[in-house]
Amino acid sequence: NWTCLSDITAELQSQRGIGACKLSTPSIGGTINIVTKGIDVGKSGSVSYAIGGEGYNKLSFSYNSGINDKGWAINILGSKIWGEGYIQGLSFDAQNFFLNLTKRVNANHQISFMAYTSPQKHYKRLNALTVDEWNKVKHMYAINGKHWSCYNPEYGFDKNGQRKSNEYEEYNAPFLSFNHGWELTET
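For the sequence shown, my numbering gives the first residue as 6, with consecutive numbering after it.
Dropping the structure here:
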């Protein structure tokens with residue numbers, strides 16, 4: 006549900022868990038801290054459109070007010086991503102909405118409210134083929150000039166022309182957060 010997390014991430018911190026190796030891969034119990042854009046972002050805004058292979062499209066906007074003289078700041082981001090995907094029949098459609106409202110109370114205290122959601126709809130390819138079936142697909146696609154790995158055995162249409170697939174998913178899991186930052190001093 007974190008489709009456009011890269012758009013709102015200011016900093017990503019990774020903490021390795023316990024393990025005998027200095028690499029994080031074989032470790033157990035590590036953490037990731039995702040720091041989102043907040044009060045430190047200056048006044049700015051953007052609108053963008055990106056296009057990529059396999060019908061990938063992304064339209065997005067953002068606005069950052071910067072901190073005003075009363076200590077308030079707001080960050081807003083929205084985007085829409087859609088496309089056909091590399092695998093046959095795996096089209097996708099997602100939206101992303103982000104809001105961060107922050108109030109700097111004084112030099113040591115700051116409160117913020119963050120809301121993030123990313124409703125998505127997409128098809129999946131879950132059913133695996135046997136080795137013999139994949140070999141038949143490779144031969145068939147070699148004749149047609151396409152790459153065999155994009156084949157999807159679950160993709161097709163019924164006799165009425167309606168799209169059929171057992172592997173379709175729609176979901177949304179909004180995330181809300183209220184934070185109080187208190188910078189302790191020695192005095």
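The beta carbon of each residue, even a glycine, is placed where N, CA and C say it ideally should be.
Just so it is clear, the structure is predicted and the values come from calculations on it, not from any experiment.
Within the same chain, and ignoring the five residues on either side of Ile79 in sequence, the residues whose Cβ sits closer than 6 angstroms to its Cβ are Ser70 and Leu106.
Relative to the Cα of Phe103, the nearest Cα in the group Asn62, Thr41 and Asn132 belongs to Thr41.
Partner residues in a beta bridge of Tyr156, as assigned by DSSP, do not exist. Relative to Ala99, the option among Gln115, Gln93 and His127 whose CA is nearest is His127.
For Glu138, the three-state secondary structure derived from DSSP is helix. For Ile79, the enclosing beta strand (DSSP E) covers residues Trp77 to Gly88. In the structure shown, the three-state DSSP call for Tyr128 is strand. Shown here for Tyr68: same chain residues with a beta carbon closer than 7 angstroms to its own, the five before and five after excluded, namely Gly50 and Ile81 in chain order. Remark: C-beta atoms of Asn157 and Leu95 approach each other more closely than 8 angstroms.
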